[in-house]
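One structure below.
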Amino acid sequence: MNDQRQDITGPPLEPTGEIAADEQSDFRARCQAFVGPFLLKNNWEFQRGLVSRSPEWGLVWRGDYTIADLAAPNLVNRIMCWESADGQLLTEIAVGQRIEPLPAESFTGPGGHGT
Numbered sequence: 028m029n030d031q032r033q034d035i036t037g038p039p040l041e042p043t044g045e046i047a048a049d050e051q052s053d054f055r056a057r058c059q060a061f062v063g064p065f066l067l068k069n070n071w072e073f074q075r076g077l078v079s080r081s082p083e084w085g086l087v088w089r090g091d092y093t094i095a096d097l098a099a100p101n102l103v104n105r106i107m108c109w110e111s112a113d114g115q116l117l118t119e120i121a122v123g124q125r126i127e128p129l130p131a132e133s134f135t136g137p138g139g140h141g142t
């Protein structure tokens, strides 16, 4: 039996209409700790992240990453993290999307290190 939650709709890949919430370092740290092992296991390299506040989804952390064996110019790989109504962290992974990369100055990697 599949225990994934197929009935959940996630936030959009781009933070359009959302406000930056960079002061939310606890939320960022929780999301990075949640997705970090997955990125590491798959040898994906984190590039940059951004926390924003959505009227519909609350706090949303988005992170752009690269996949060593899947370099495609002008395409973005993104992972998102947000909290369900019951406080559980949820994620969505998007590979090879035609979206704008997150701003470079928002970089904070899973280890909390910037460039």
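Counting from 1 along the sequence shown, just add 27 to a position and that's the residue number in the working numbering.
Positions of the beta carbon are idealized from the N, C-alpha and C atoms, including for glycine.
As the structure is a prediction and not an experimental result, all values here were calculated from the model.
Query	Result
Tell me, please, which residues DSSP counts as bridged to SER79.	ALA47 and VAL87
Within its chain, find whatever has a CB closer than 6 angstroms to the CB of GLN51; leave out the 5 residues flanking it on each side and keep chain order.	VAL78 and LEU86
Do the CB positions of GLN74 and PRO128 come within less than 9 angstroms of each other?	yes
Whole angstroms is fine: what's the gap from PRO100's alpha carbon to ALA121's?	15 angstroms
List the whole-angstrom C-beta distance separating PHE54 from THR118, where the pair is believed to meet the contact cut-off of C-beta under 8 angstroms.	That pair is no contact at about 13 angstroms.
For ASN70, which residues in the same chain have their Cβ closer than 7 angstroms to its Cβ, ignoring the five residues on either side in sequence?	ALA95
Out of ASP91, GLU110, LEU67 and LYS68, point me to the one whose CA is closest to PRO130's CA.	ASP91
Which class does GLY123 belong to by DSSP, given the choice of helix, strand or coil?	strand
For a quick check, are the C-beta atoms of ARG80 and MET107 less than 9 angstroms apart?	no
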